[in-house]
Amino acid sequence: IDVKRLYSHDLNLVPIVKPQPAVPSVSYGLDRVLFNPGVYHLQDPRSRVYNFDPYLSKIMPIKEFDFNALKQYVTSSKDETLIATAREHGKKYTGSTSSMTSMLSHFHFLLSSWRPINSEMVSQGFPVESEQYTAIMRAPAATFLHWKDGVYAIDADKEYDSSNILSMLGKSMEKLLTMTKEEYERYRHVNSDQISEEERNADEAFHYTGLGDFMMRSQLDAHDPRVPGTGMFDLKTRAVISIRMDAKGFQKGLGYEIRQRFGQWESFEREYHDMIRSAFLKYSLQVRMGRMDGIFVAFHNTQRIFGFQYIPLEEMDLSLHGTSNVLLGDKEFKLSLGLLNELLDRATNKFPEQSLRLHFETRQSEKTPFMYFFAKPVAPGEIEAVQNAGKASIDAFETEVLGLGKSPATTGATPESEDVLDIEDAEDAEDSGPSEIQDMEDVATWEEVRAMVDEAMEADEVGVGAVREAIEIALDESGLLESQSIENTRRYVDALLSAITGNEVSDEPQPSEDNSSASTPASSQEEIEAEDEEEAEESNGDNNPNASMMTLRNLIKRMAQKVDVGKPSAAQREADDSSRLKEFERILRNMITQSKAEDAARDIEDANDEELAELTEEKASCKSKEARDSELDGSLLGMVLTIRNTVNGEYVTRPNELGEHDDWAVEYNIDEMDAKRTRRLYEMCKTRRQKIFSSSGDRDVQWHQMWKGQLSMSTQKGRTFREQETMEAKTKPVYVVGEEGAKTYEEVFG
Numbered sequence: 001i002d003v004k005r006l007y008s009h010d011l012n013l014v015p016i017v018k019p020q021p022a023v024p025s026v027s028y029g030l031d032r033v034l035f036n037p038g039v040y041h042l043q044d045p046r047s048r049v050y051n052f053d054p055y056l057s058k059i060m061p062i063k064e065f066d067f068n069a070l071k072q073y074v075t076s077s078k079d080e081t082l083i084a085t086a087r088e089h090g091k092k093y094t095g096s097t098s099s100m101t102s103m104l105s106h107f108h109f110l111l112s113s114w115r116p117i118n119s120e121m122v123s124q125g126f127p128v129e130s131e132q133y134t135a136i137m138r139a140p141a142a143t144f145l146h147w148k149d150g151v152y153a154i155d156a157d158k159e160y161d162s163s164n165i166l167s168m169l170g171k172s173m174e175k176l177l178t179m180t181k182e183e184y185e186r187y188r189h190v191n192s193d194q195i196s197e198e199e200r201n202a203d204e205a206f207h208y209t210g211l212g213d214f215m216m217r218s219q220l221d222a223h224d225p226r227v228p229g230t231g232m233f234d235l236k237t238r239a240v241i242s243i244r245m246d247a248k249g250f251q252k253g254l255g256y257e258i259r260q261r262f263g264q265w266e267s268f269e270r271e272y273h274d275m276i277r278s279a280f281l282k283y284s285l286q287v288r289m290g291r292m293d294g295i296f297v298a299f300h301n302t303q304r305i306f307g308f309q310y311i312p313l314e315e316m317d318l319s320l321h322g323t324s325n326v327l328l329g330d331k332e333f334k335l336s337l338g339l340l341n342e343l344l345d346r347a348t349n350k351f352p353e354q355s356l357r358l359h360f361e362t363r364q365s366e367k368t369p370f371m372y373f374f375a376k377p378v379a380p381g382e383i384e385a386v387q388n389a390g391k392a393s394i395d396a397f398e399t400e401v402l403g404l405g406k407s408p409a410t411t412g413a414t415p416e417s418e419d420v421l422d423i424e425d426a427e428d429a430e431d432s433g434p435s436e437i438q439d440m441e442d443v444a445t446w447e448e449v450r451a452m453v454d455e456a457m458e459a460d461e462v463g464v465g466a467v468r469e470a471i472e473i474a475l476d477e478s479g480l481l482e483s484q485s486i487e488n489t490r491r492y493v494d495a496l497l498s499a500i501t502g503n504e505v506s507d508e509p510q511p512s513e514d515n516s517s518a519s520t521p522a523s524s525q526e527e528i529e530a531e532d533e534e535e536a537e538e539s540n541g542d543n544n545p546n547a548s549m550m551t552l553r554n555l556i557k558r559m560a561q562k563v564d565v566g567k568p569s570a571a572q573r574e575a576d577d578s579s580r581l582k583e584f585e586r587i588l589r590n591m592i593t594q595s596k597a598e599d600a601a602r603d604i605e606d607a608n609d610e611e612l613a614e615l616t617e618e619k620a621s622c623k624s625k626e627a628r629d630s631e632l633d634g635s636l637l638g639m640v641l642t643i644r645n646t647v648n649g650e651y652v653t654r655p656n657e658l659g660e661h662d663d664w665a666v667e668y669n670i671d672e673m674d675a676k677r678t679r680r681l682y683e684m685c686k687t688r689r690q691k692i693f694s695s696s697g698d699r700d701v702q703w704h705q706m707w708k709g710q711l712s713m714s715t716q717k718g719r720t721f722r723e724q725e726t727m728e729a730k731t732k733p734v735y736v737v738g739e740e741g742a743k744t745y746e747e748v749f750g
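Counting with full-length UniProt numbering, you get residues 1 to 750 for the letters of the sequence shown.
Structure follows, in structure tokens:
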């Protein structure tokens with residue numbers, strides 16, 4: 001086995017010094033937020049005193065903001081400055097924060113062995129729904145690698161991109177937070193003629209950073225010399241949950257408000273918890289890539305801003321890595337880039353001087369995490385077709401919903417905002433590269449690891465992985481396993497998977513003394529099977545289409561009894577469990593039915609391929625089967641990356657706490673798959689990505705059903721509260737921190 005070792009101490013981020021324009025600071029006295037842990041309310045909910053200028057409370061409507069006055073975004077492949085900088089410093093790959101974070105996230109999953117999120121920063125009373133990242137975060141990542149005369153540029157794959165109000169608001173609110181009121185008002189359509197062409201096309205500031213063969217770029221949003229490190233930090237706008245759950249149909253979520261610090265609904269805590277699961281990993285990678293200190297977050301509902309919070313990198317790392325010592329996250333980031341460098345080198349060596357479409361996916365195998373990597377050569381026309389797949393719907397949304405006209409073509413467009421990490425002193429340090437494993441005992445252990453990975457891949461090929469994911473999603477969405485640990489959830493999923501497929505799950509973690517109190521559903525399998533037989537007889541067995549669901553019903557009831565012990569009353573618990581059970585059955589039935597239909601369609605397609613191959617063989621018998629397979633699959637590379645972590649020479653599942661002198665190394669093996677397996681697993685990977693990113697079903701109906709209608713109820717409560725609050729505010733003076741005396745409502749809001 002070709003096993004190599006990569007050392008974190010051999011990888012160094014090197015800042016590339018280039019003259020840059022000044023980076024703005026935050027306005028309206030918002031710098032106070034930078035040096036105050038926790039949330040800063042825009043308006044104190046008790047005294048109604050404003051902590052900052054009340055102008056910030058009302059967001060300029062999208063239709064009134066002139067987006068044509070902003071400099072246009074340009075991708076890495078079209079950024080000549082970035083490509084020239086890479087050539088100047090002898091770098092092979094270029095990328096930006098937006099194009100690299102999705103694939104780097106999968107290296108975090110791999111290196112941390114799917115470390116659960118740490119909810120230490122939310123209160124004990126908050127019901128943590130899951131310790132996993134969201135489905136979108138876990139979805140396969142896709143990128144394009146553009147060949148640009150000696151340099152490869154990484155662009156995000158936009159196949160499933162769609163326009164929504166949040167992406168537009170992010171652009172306008174960034175201006176709001178870094179300009180004075182008078183400067184910002186010029187961006188209203190009625191005033192935008194006051195913005196000169198020079199200002200519209202002014203250069204923006206970037207950090208450029210190198211590591212290995214990479215040259216990374218990061219746009220700089222804001223700066224304060226008192227902030228540690230470079231003084232740079234990122235600006236993030238975070239919409240409330242009612243908007244995020246359906247950003248395209250955002251109108252129904254308008255009115256939801258944040259009114260308190262803690263609680264499951266209408267609270268800053270809710271939004272913070274959701275950021276841990278869906279955004280912190282991406283944000284932390286951007287901060288590291290851009291050599292920034294943290295993120296400045298503005299919480300809003302698209303109409304109003306409710307408050308602000310500065311979240312330094314240490315705080316994000318506590319939720320992601322379980323420690324506020326950034327050393328662990330820093331080393332993981334560098335190791336991720338080192339492994340990515342190796343994968344890209346293998347792909348570009350196989351398909352030299354060609355543009356490639358890449359897919360990355362770390363599979364959820366507890367014992368042996370591994371990553372699929374696929375590379376396929378693509379022509380410029382194919383890239384354009386994928387990148388413009390959603391262009392028509394985006395244009396329609398921007399015209400009809402946002403009232404935007406077509407943006408004029410701009411020259412010298414600047415890249416998007418991005419970010420980088422605290423650099424170690426080696427400005428021109430050379431990476432020593434990976435070393436090979438020689439110890440025979442280690443090789444023998446790697447044979448066992450390979451066997452487990454092969455077993456997991458075979459399960460993927462026959463669809464067991466798809467069923468497992470369907471069960472996990474159904475359990476998650478139905479709330480049956482709310483507040484359960486990842487370990488318990490995995491045992492329950494394994495038991496259900498075994499019941500559905502009729503096979504024992506090979507990678508089921510064995511119960512240990514530490515968690516013996518949480519008995520698994522599989523522990524009383526004989527009793528379950530006996531009850532299953534009784535219910536099967538009552539429902540006439542195979543004649544009843546719901547017979548298989550009756551088996552699930554027994555297992556789920558047992559799980560539900562263990563989930564909520566000691567919480568509400570028995571009657572309430574039974575009602576809740578019944579409701580969750582029905583929701584689980586509905587979701588799972590739909591997902592499995594859909595999966596079977598897709599598998600059937602794929603089987604037909606495979607059968608047609610085989611028939612076509614037979615006809616081809618009859619007409620051209622001189623071609624062997626191997627030659628035909630080569631024609632069919634030779635342009636697709638599939639590899640499996642498997643890793644093992646060592647700290648100070650000892651094998652560990654994942655590093656937890658690292659000191660300055662601890663040495664984290666990664667042993668890794670990259671295997672190229674045969675053509676048939678590559679093709680099959682590649683199609684399944686794309687299907688998984690499509691399922692997650694493509695909208696399925698009636699999103700409007702789904703939104704109203706989420707959390708038993710809680711979004712709709714909270715939104716209506718917020719609208720009623722705001723109406724009453726506005727009526728009352730008009731009769732009272734307005735006080736602002738730092739301003740003497742009071743003003744009338746009319747003086748402040750007009």
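Even glycine gets a Cβ: it sits at the ideal position worked out from N, Cα and C.
Residue i - partner residues in DSSP beta bridges
| i | result |
| --- | --- |
| residue 302 | DSSP output for residue 302 lists no bridge partner at all. |
| residue 232 | 223 |
| residue 664 | 647 |
| residue 16 | 208 |
| residue 691 | DSSP, once it has assigned bridges, lists no residue as partnering residue 691. |
| residue 296 | 235, 310 |
Contact check, residue i vs residue j, beta carbons under 8 Å
| i | j | result |
| --- | --- | --- |
| residue 2 | residue 645 | no |
| residue 240 | residue 370 | no |
| residue 266 | residue 258 | yes |
| residue 354 | residue 377 | yes |
| residue 44 | residue 51 | yes |
| residue 118 | residue 322 | yes |
| residue 751 | residue 54 | Outside the modelled stretch of the chain, which goes from 1 to 750, sits residue 751, for which no answer is possible. |
| residue 636 | residue 233 | no |
| residue 715 | residue 253 | yes |
| residue 216 | residue 100 | yes |
| residue 297 | residue 226 | no |
| residue 97 | residue 249 | no |
Cβ-based burial, residue i [other Cβ within 10 Å; buried from 16]
| i | result |
| --- | --- |
| residue 228 | exposed |
| residue 737 | exposed |
| residue 262 | exposed |
| residue 710 | exposed |
| residue 16 | buried |
| residue 106 | buried |
| residue 14 | buried |
| residue 467 | buried |
| residue 300 | buried |
| residue 395 | exposed |
As assigned by DSSP and simplified to three states, the class of residue i
| i | result |
| --- | --- |
| residue 394 | helix |
| residue 417 | Residue confidence for residue 417 is low, a pLDDT of 36 falling below 50, so the modelled location carries little weight and cannot support an answer. |
| residue 620 | Since pLDDT at residue 620 reaches only 44, below the 50 mark, its modelled position is unreliable, and no value is offered. |
| residue 147 | strand |
| residue 216 | strand |
| residue 189 | coil |
| residue 266 | coil |
| residue 73 | strand |
| residue 260 | strand |
| residue 28 | coil |
Candidates the options, of which the one nearest residue i by Cα
| i | options | result |
| --- | --- | --- |
| residue 294 | 285, 300, 247 | 285 |
| residue 67 | 84, 147, 456, 174 | 174 |
| residue 169 | 388, 305, 132, 271 | 305 |
| residue 320 | 128, 349, 120, 364 | 120 |
| residue 317 | 741, 348, 280, 298 | 280 |
| residue 133 | 109, 122, 641, 387 | 109 |
| residue 33 | 214, 219, 309 | 309 |
| residue 673 | 667, 681, 666 | 681 |
| residue 703 | 326, 247, 357 | 247 |
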